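In what follows, a single structure is set out as structure tokens and then discussed.
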Amino acid sequence: MNDLLATAIAAHGGLDRWNQIKTIQVDAEISGAFWQMKGQADAMSRVRFEVDTTQQQLTMDYLTQDRRSLFRPDRVVLQRPDGTVVGERDDPERSFAGHDFRTRWDQLHLAYFTGEALWTYLNTPFLSTWPGFVSAEIAPIEADGETWRRLRVTFPDHIKTHTRTQVFCFGPDGLLRRHDFTIDIVDPATESQLYATDYRDIDGILIPATRRAYTTLGNDRIVLVAIDMADITIA
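The sequence shown finishes on residue 235 if you use the numbering used here, and the numbering steps up by one all the way, no holes.
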């Protein structure tokens, strides 16, 4: 483990504590212009999701729609609260072929994207200690009056995520400040920056309860993605 990854792991609660955890449960509101472009503006106004920290799996309850999704790398499923399956898709990543930034999504597209995204976000930075992950510190940057150390992480092929190589920026305290990436299934040419703030100590693990991605339109700064976590528990 390189020095920056070790520093980040320690700052977020340490690997010993993390390895005692199996799941993270979150009540959240997820909004922003990105979801409007995808035809899913209000789909996640109230959601409850559970992230598995031992394997790539995430379940999400859409509390305003009496609907649940189950994400795994090779399959997504939509269910009613009673477990009745109302939609399913094998090899879901293939369904994004030919898409661009403004292509509208159906509910299974949404379930896949939010599954791989939120699973990555909530397992960071501990995920980078898994077998098959390759990380290296790259040149720091100056941002928001701080020096941010940067970790370039290459994900193994079997993990579904935004793109193979991503960059994580950490502040002087070792906490994640920003996550830089492109999104292969949306637009691999467009760089995204997701800011992490409002850290909470959840039984010894530090988790940012607020995340924001922005874009500019003329003189306006527009929120592309907003993730606001109201309640976070670990088990």
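By construction, the Cβ of each residue, glycine as well, lies at the ideal position given by its N, Cα and C atoms.
It should be emphasised that the depicted structure is a prediction, and the values quoted were computed from it without experimental measurement.
On the DSSP letters alone, give me the boundaries of the alpha helix (DSSP H) that residue i sits inside.
{"i": "G87", "result": "Counting along the chain, G87 falls outside any alpha helix (DSSP H), though it belongs to the beta strand (DSSP E) covering 85-90."}
{"i": "L127", "result": "First-last for L127: undefined, no H or E at that position."}
{"i": "W105", "result": "From DSSP, W105 is part of no alpha helix (DSSP H); its letter is neither H nor E."}
{"i": "D16", "result": "15-18"}
{"i": "M229", "result": "From DSSP, M229 is part of no alpha helix (DSSP H) but of the beta strand (DSSP E) over 220-234."}
{"i": "Q36", "result": "33-37"}
In whole angstroms, what separates the C-alpha of residue i from that of residue j?
{"i": "G115", "j": "L58", "result": "6 Å"}
{"i": "I207", "j": "L122", "result": "8 Å"}
{"i": "C169", "j": "E146", "result": "11 Å"}
{"i": "L108", "j": "L78", "result": "7 Å"}
{"i": "D3", "j": "E142", "result": "19 Å"}
{"i": "D82", "j": "M1", "result": "44 Å"}
{"i": "H158", "j": "L110", "result": "20 Å"}
{"i": "S95", "j": "T215", "result": "26 Å"}
{"i": "L176", "j": "A8", "result": "8 Å"}
{"i": "A11", "j": "F126", "result": "11 Å"}
{"i": "Q166", "j": "Q36", "result": "25 Å"}
{"i": "T154", "j": "D220", "result": "33 Å"}
So residue i packs on residue j, CB below 8 Å; how close in whole Å?
{"i": "D100", "j": "D184", "result": "About 12 Å; that fails the 8 Å criterion."}
{"i": "I24", "j": "T64", "result": "About 22 Å; that fails the 8 Å criterion."}
{"i": "A209", "j": "D201", "result": "11 Å between Cβ atoms; not a contact."}
{"i": "A196", "j": "R178", "result": "7 Å"}
{"i": "G39", "j": "W119", "result": "No, G39 and W119 are not in contact; Cβ-Cβ is about 23 Å, not under 8 Å."}
How would you label residue i, buried or exposed, when you count the other beta carbons within 10 angstroms and need 16 or more for buried?
{"i": "A139", "result": "exposed"}
{"i": "V76", "result": "buried"}
{"i": "L217", "result": "exposed"}
{"i": "V223", "result": "exposed"}
{"i": "P172", "result": "exposed"}
{"i": "P156", "result": "exposed"}
Within the continuous beta strand (DSSP E) that includes residue i, where are the two ends?
{"i": "T59", "result": "58-62"}
{"i": "D187", "result": "187-202"}
{"i": "D180", "result": "176-183"}
Looking at C-beta atoms only, is the number of pairs between the segment 24-38 and the segment 220-232 that lie closer than 8 Å three or more? yes
With contact counted as at least three CB pairs below 8 Å, one residue from each stretch, are the segment 3-22 and the segment 38-45 in contact? no
Is it a yes or a no for the segment 122-132 touching the segment 85-94, going by three-plus beta-carbon pairs under 8 Å? no
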